[in-house]
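> Below: one structure in C-alpha cells.
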Amino acid sequence: MIVEVQDLHFTYPGGVEALRGISLVIQPGEQVAIIGQNGGGKTTLVRHINGLLKPTQGSVRVGGWDTRQVSVAKLASRVGYVFQNPDEQLFCKTVHDEIVFGPRNLGYPAERIQSLVEDALALTGLEAQIGTNPYDLSPTWRKMVALASVVAMDTLVIIFDEPTTGQDASSKERIAGVIATLRQRGRTVITITHDIDFCAENFERIIALAEGQVLLDGPSRQVLAQGDVLARTFVDPPQLTRLGVSIGLADTVCTQEEFLEAYQKQFGL
Amino acid sequence: MVVIDVHELTYTYPTTNVAALNDVSLQVTEGEFLAIIGNNGAGKSTLCYALSGFVPHFFKGTMRGRVQVAGMDTQNVTLNDLVLKVGLAFQNPFNQISGAKYTVFEEVAFGLENTGVPREQMVERVERALRLTGIDELAERSPYSLSGGQQQRVALASILVMEPQVLVLDEPTSQLDPVGSREVFQVIKEMSDSGMTVILVEHKVEWIAEFADRVVALHDGRIIAQGTPAEVLTSATLAEHGFGLSRYTTTAREALKRGLWLVERRLPTTLQEAADGFSRGKA
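Respectively, the protein sequence lines represent chains V and G. Just so we're aligned, residue 1426 is where the first sequence starts under my numbering, counting upward by one. Just so we're aligned, residue 124 is where the second sequence starts under my numbering, counting upward by one.
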C-alpha cells in the first residue's frame, strides 16, 4: 500500500506551524525510520497518515485514498498507529480484550481474529499475560500491549511512535523482531525514533525532519554518513558510525559487524 | 555526609508475593551523582519511589528495612515532609502534568504555590527553571499542547524549581532527542556540581559513563554490581545478565575475541576511550 505525501502543510489551532511543505512517497513494504528533534513535526506527520490530523494545505494519500475524504475509522483498516504514550491508547480490562478490540472493530471473521490475536501475543511475548489488566503491567510491558493491539489489526501500513522509549536491551530486541516479521510479511513499517543505534540496525531508509521540513531522506547508510547535516536535526550518528569517523575509517559503518570488518580491512590486522 | 542511607530494604507491592526490592543496602553522600541501571522490572522505579517516600506511603505494600533521606526516616514522616527535601521526576512525564494549569509557567509554579513561597521569589525561581530546561519560550503555552519531549522538560522544570536537596530522576530523557538529552544531562550535572544529590535511572549508558560518579546495577530487585561507571559498565556480570551496554563496550568485547583489542586494555565506555583503544590497535 503506497503512502503519498504531497506538499503537506499543517498549522495547529493556535497558530503553531508544525509542518511546512513535506513531500515523500513510501512504497509498499518499505521500512522507514523518521528521526529529528523534539517538536520537529514527526508525530504530526504520522498522525496525517492515519487521518487523525488533516492537512491545512497539500494532501496525504494512502493506497489512493485521500485522507481528507475518508474517515479515521475507515483508514484504520489500512493504517495501524501505536501511540507514543501507551496510556493514551489502552482502556480494556484485560490484555486479551485490548488486543481483540481492533480486529473485532474492523469486522474480521472470528477465526481470523483468533489467529491474529494469538500471533500478536506470540510476537510480543505476552502469551502469559492475556488475563492481566494492562494497568497492572509495568509501563514497558504496557507499551508491548499497545504494540500487540495494533499488530493484531493486520493493516498493510503500521506506524510506531517511539517504540523503544524506556525499553531495556531484551525488549528492544523483541521490538526489532516484530519489525523484522512485519518486513517479511511485506508490511510497510514507519517508525519514529530517537534511538539512532536502533534505527541504524533495523531500518533501510531514514527520513530526517527539522522544523517541519524534510532535511534528509534516503538509504540509512547515506543519511547517517552526513553528520553535519544530521546535527541540524539534533541527532547524532550511531555510536559506531561516530567511532568509525573518529578513527578514520574510509567506509560509513552502522553496525558492529560492519565496523569490525571495515576496521580489519583498513588496518590489516 | 551521607544524605541517603538505605538499609536492608525489602519491599513488596500489594497484590503480589514477589518482592520488587530485595535486601537492598545503599549509601549516597551529599553532592554525589548516582546512576541506577537495570532491565525492565529490575526494581529501578521502585527504588526511586522508596527514596522519595511514595513507597510505602502512596503504594502501601510491605516494607522491611529502613530508608533515611536527608535525616528523615521515610516511614516516620509524611510525603508532605519529604517533598521539600526530595524531588522525584516520574518515568512518564505525561502523568506528572497536574492538569490544573493553563500555562507552562503556572504548571512549573504549582509546587511553589503549594508550599507557600512568596510571589516575587516564585516568579524568579520559575523563570530560572524554565531557562535551565530550555523551555522559556513555551512559558505561555498549554502543557497539553506540547510535544512529548517538551512535556518532559516541563516535568523536570517543575521539580528543579523546588530546589530539592535530593533529586530523583526516573529516565528524565526518555522522550528527548539526542541533543535534548545531552542538554538535560548537562543541567543535571550542573545541579550535581552545585551540591545537589542526584539519583538517576537511565538506560542511556553512554551518558552515564560521561556524567555519573557511581553506578548501581539492579537485577531482580537486588544490587548485583556497583562502582565507578568504568568498572561497572564493562563488568562481565552485566554482560551475562543481558544489560544494555554501549556499542563501544560490546564491540570492543567482540574485537577482543578476534584479537583486535588489546587484552590488557580495559573495555571502553565512551567514544573517546573506544577511539583511543582502536587507534592504538592499528599502530
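Backbone N, C-alpha and C define an ideal beta-carbon position, used for all residues, glycine too. Quantities reported herein were computed from a predicted structural model and do not represent experimental measurements.
Quick one: is V/D1622 near chain G, going by C-beta distance under 8 Å?
Yes - at least one Cβ of chain G is within 8 Å of the one on V/D1622.
> Can the beta-carbon of G/T135 be found less than 8 Å from the beta-carbon of G/A143?
Yes; because the gap between Cβ atoms is below 8 Å, this pair is in contact.
> Flag this pair as yes or no: are the beta carbons of V/G1591 and G/E325 separated by less than 8 Å?
No.
> Is the region 1430-1446 of chain V touching the region 1543-1551 of chain V, taking contact as three or more C-beta pairs under 8 Å?
Judged by Cβ distances under 8 Å, the region 1430-1446 of chain V makes no contact with the region 1543-1551 of chain V, as fewer than three pairs qualify.
> Using CA coordinates, which residue listed in G/R187, G/G188, G/F156 and G/T201 is at the minimum distance from G/F177?
Comparing Cα-Cα distances from G/F177 to each of G/R187, G/G188, G/F156 and G/T201, the minimum goes to G/T201.
> I need the DSSP call for G/M245, collapsed to helix, strand or coil.
Helix, per DSSP.
> Of all the CB atoms in chain G, is at least one closer than 8 Å to the CB of V/H1619?
Yes, V/H1619 counts as interfacial toward chain G.
> Residues of chain V with CB under 7 Å from G/E377, in chain order?
Per Cβ cutoff of 7 Å: Q1681 and L1685.
> Measure the C-alpha to C-alpha separation of G/E236 and G/P216 and round it to an integer number of angstroms.
If you take the alpha carbons of G/E236 and G/P216, they lie about 20 Å apart.
> List, in order along the chain, the chain V residues whose C-beta lies closer than 8 Å to that of G/S402?
Within chain V, the residues near G/S402 are I1672.
> For G/D316, count neighbouring Cβ atoms within 10 angstroms of its own Cβ and tell me buried if that reaches 16, exposed if not.
G/D316 should be labelled exposed.
> Quick check: the Cα distance between V/K1690 and G/A353, rounded to an integer number of angstroms?
Cα to Cα, the separation comes out at about 29 Å.
> Taking CB distances under 8 Å as the criterion, tell me whether V/Q1651 reaches chain G.
Answer no: the Cβ-Cβ gap between V/Q1651 and chain G never drops below 8 Å.
> Can you tell me whether G/H364 is helix, strand or coil according to DSSP?
Coil at G/H364, not helix or strand.
> Is the distance from the Cβ of V/T1557 to the Cβ of V/T1519 below 8 Å?
Yes. Within cutoff.
> In whole angstroms, give me the CA-to-CA distance for G/V231 and G/G400.
Spanning the two alpha carbons is a distance of roughly 45 Å.
> Beta-carbon separation of V/V1430 and V/I1632 under 8 Å?
For V/V1430 and V/I1632, no; Cβs fall outside 8 Å.
> Can you have a look at V/Y1688 and say buried or exposed, based on whether 16 or more other CB atoms are within 10 angstroms of its CB?
Buried, by the Cβ-count rule.
> Is the region 249-256 of chain G close to the region 266-273 of chain G, with three or more CB pairs under 8 Å?
The region 249-256 of chain G, when compared against the region 266-273 of chain G, does not touch it at the 8 Å Cβ threshold.
> Return the residue from the list G/Q298, G/Q288 and G/D343 that minimises the CA-CA distance to G/T133.
It is G/D343.
> Does DSSP classify G/A375 as helix, strand or coil?
Reduced to three states, the DSSP call for G/A375 is helix.
> By Cβ distance, which residues of its chain are closer than 6 Å to V/K1568, with the 5 residues on each side in sequence left out?
Within the same chain, V/K1568 has close Cβ partners P1511.
> Roughly how many whole angstroms lie between the Cα atoms of V/L1716 and V/F1585?
The requested residue 1716 of chain V does not occur in the structure, where chain V is confined to residues 1426 to 1694.
> Using alpha carbons as the reference points, say which of G/Q273, G/Y225, G/L283 and G/G222 lies closest to G/I311.
If we check each option's Cα against that of G/I311, G/L283 comes out closest.
> Could you tell me the alpha carbon to alpha carbon distance between G/L390 and V/I1451, rounded to whole angstroms?
Near 41 Å, if we compare the C-alpha coordinates of V/I1451 and G/L390.
> Report the CB separation of G/Q288 from G/M314 in whole angstroms; it is logged as a contact under 8 Å.
Between G/M314 and G/Q288 the Cβ distance is about 11 Å, and since that is not below 8 Å, they are no contact.
> Pairs of beta-carbons, one from the region 158-178 of chain G and one from the region 205-221 of chain G, closer than 8 Å: are there three or more?
The region 158-178 of chain G vs the region 205-221 of chain G: in contact.
> If you run the structure through DSSP and keep just helix, strand and coil, what is V/R1529?
The answer is helix: DSSP assigns V/R1529 an H, G or I state.
> I want to verify the contact list: residues of chain V whose CB lies under 8 Å from the CB of G/N145, in sequence order.
Residues of chain V passing the Cβ test: none, with the nearest at roughly 17 Å.
> Could you check the C-alpha separation between G/G272 and V/G1466 for me, to the nearest Å?
Between G/G272 and V/G1466, the C-alpha separation is close to 12 Å.
> Beta strand (DSSP E) containing V/L1449: first to last residue?
Segment E1442 to I1451, the beta strand (DSSP E) holding V/L1449.
> Closest to G/S297 by CA distance: which of G/G154, G/M285, G/V125 and G/L279 is it?
Closest by alpha carbon: G/L279.
> Could you tell me the distance, in whole angstroms, from the CA atom of G/A223 to the CA atom of V/A1675?
Cα to Cα, G/A223 sits roughly 55 Å from V/A1675.
> What are the residues of the region 297-321 of chain G that lie near chain V, defined by any Cβ-Cβ distance shorter than 9 Å?
Cβ contacts with chain V: S297, Q298, L299, D300, P301, V302, G303, S304 and R305.
> Work out the CA separation of G/E377 and G/V386 for me, nearest whole Å.
If I take the Cα positions, the gap works out to 12 Å.
> Excluding five sequence neighbours on each side, which residues of the same chain lie with their C-beta closer than 8 Å to the C-beta of V/G1684?
Sequence inspection shows Phe at residue 1684 of chain V; the Gly mentioned does not correspond to that position. Excluding positions up to five away in sequence, the list reads L1665, L1668, G1669, L1674 and V1678.
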